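Novice: FYI, full-length UniProt numbering numbers position 223 of the sequence shown as 223, with every residue one higher than the one before it.
Input: one structure, supplied below.
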Amino acid sequence: MIQLLEVSSFSYSKPMKVENEDFLLQPIYDSQCNLVFAIADGVGSIAGASSASKSAIKSVENSVSEGSFSTQSAFNLAKKNINELSLIDSNFATAATTLTTVYVTSKEIIIGHAGDCRVYIKKGNKLKQLTRDHTRYQEMIEEGEHPVKKINERKERLSSVITKALSSQIELDYEITVVKIDEFIEDGTLLLSIMSDGAYDYWHHRPRFSDLTMSTPSAFINSLRKRIERRGPKDDYTCMNVKVEIK
């Protein structure tokens, strides 16, 4: 059995920007009493980006309401609904969004992932990244054909090139990652975080808080939000911290 102990989140647009293109699905239970939550980030600040990310999250929510959750069904439904956006408004033909879903069962975490949002899990006093960024920067690092120093000189630009996303213009392509929870359970609990790039860029600048803050979703969220706003947001910024008990 999975009991939701605490959830805390923020999601704000970049200052002076009208629309926030990040959307969250707060944790909800499926018919098997497993937990589902998600994040989407509209790509490129182009027409329909916020509509695409909102549609993706609504699709995941609708997929949960149909009964037992399936990552594949959720992504298929999200793709179908985003395709239909372009039929409603031709200006949305190039609209695209990232989508990352998290499905927590009593034995494993199943992550569906397309784009550059991230899922982390707490281990000790650190957050371990469970997803791989679908960006040109990450691809070039993994290809190993160019010196890392040279790649890092173009990191900001290369990181903005998303290599997997949901759009009517491309075939559906995403990754599924299955993580066994045994090594991450601490005192019967799991603590997961999902972040858009506008949040994790600031987390990785100094990836630590006090033990108490790391273990308390509301404290973690408040501390990270303050850090971002103190330094000045460069993009929409979204984070959700979820603590569950596994019985």
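We treat Cβ as the ideally placed atom computed from N, Cα and C, and that holds for glycine.
The structure displayed is predicted, hence computed values, not measured ones.
Going by CA-CA distance only, name the one from Y174, P217, T163, V244 that's closest to D187.
Specialist: For the residues Y174, P217, T163, V244, the minimum Cα distance to D187 belongs to V244.
Novice: Taking the DSSP output, what are the residues bridged to G112?
Specialist: T101, I176
Novice: Consider the Cβ of V148: report whether some Cβ of chain C lies at a distance smaller than 8 Å.
Specialist: Of the chains in the structure shown, none is chain C; there is only one protein chain.
Novice: For I46 and A95, I'd like the C-alpha separation in whole angstroms.
Specialist: 7 Å
Novice: Just to confirm my understanding: we take S50, look at its own chain, exclude 5 residues before and 5 after, and list those with CB closer than 6 Å. What are they?
Specialist: E19, E21, G42
Novice: Per DSSP, which one or two residues make a beta bridge with L77?
Specialist: Its beta-bridge partners do not exist; DSSP assigns none.
Novice: Report the three-state DSSP secondary structure of F220 (helix, strand or coil).
Specialist: helix
Novice: Contact check, F37 vs L25 under 8 Å by CB: the rounded distance?
Specialist: 5 Å
Novice: Here's the rule I'm using: 16 or more other beta-carbon atoms within 10 Å means buried, otherwise exposed. How should M1 be labelled?
Specialist: Per the 10 Å Cβ criterion, exposed.
Novice: What are the boundary residues of the beta strand (DSSP E) that V244 is part of?
Specialist: 237-246
Novice: Let me check understanding here. Comparing Cα to Cα, which of K58, D89, I88, S86 lies closest to A74?
Specialist: Selected option, being the one with the closest Cα: K58.
Novice: What's the C-alpha gap between W203 and I228?
Specialist: 8 Å
Novice: Determine the closest residue to R157 out of A165, E171, R136, with distance taken between C-alpha atoms.
Specialist: R136
Novice: With distances taken Cα to Cα, identify the nearest neighbour of A114 among S167, K107, N152.
Specialist: S167
Novice: At 3 residues or longer, what runs of the beta strand (DSSP E) sit wholly inside the region 29-61?
Specialist: 35-41
Novice: With a threshold of 6 Å on Cβ separation, who are the neighbours of A93 within its own chain once the five nearest residues in sequence on each side are excluded?
Specialist: S86
Novice: Please state the DSSP three-state secondary structure of S70.
Specialist: In the structure shown, S70 sits in coil (DSSP, three-state: anything other than H, G, I, E or B).
Novice: Roughly how many whole angstroms lie between the Cα atoms of V148 and T163?
Specialist: One C-alpha to the other measures close to 19 Å.
Novice: Take R225 and list the residues in its own chain whose beta-carbon comes closer than 7 Å to its own, dropping the five residues that flank it on each side.
Specialist: F10
Novice: Counting C-beta neighbours from all protein chains within 10 Å, is the total for C239 16 or more, i.e. buried, or is it exposed?
Specialist: buried
Novice: M1 bridges to which residues according to DSSP?
Specialist: Its beta-bridge partners do not exist; DSSP assigns none.
Novice: Could you give the C-beta distance for T177 and L130, rounded to a whole number, given that I count them as a contact under 8 Å?
Specialist: 6 Å
Novice: What residues in its chain sit with their C-beta under 6 Å from that of F69, if we drop five residues either side in the sequence?
Specialist: For F69, where only same-chain residues beyond five positions count, the Cβ hits under 6 Å are D30, V36, Y103.
Novice: What does the alpha-carbon distance come out to for the pair R206 and E143?
Specialist: Each residue's alpha carbon lies about 27 Å from the other.
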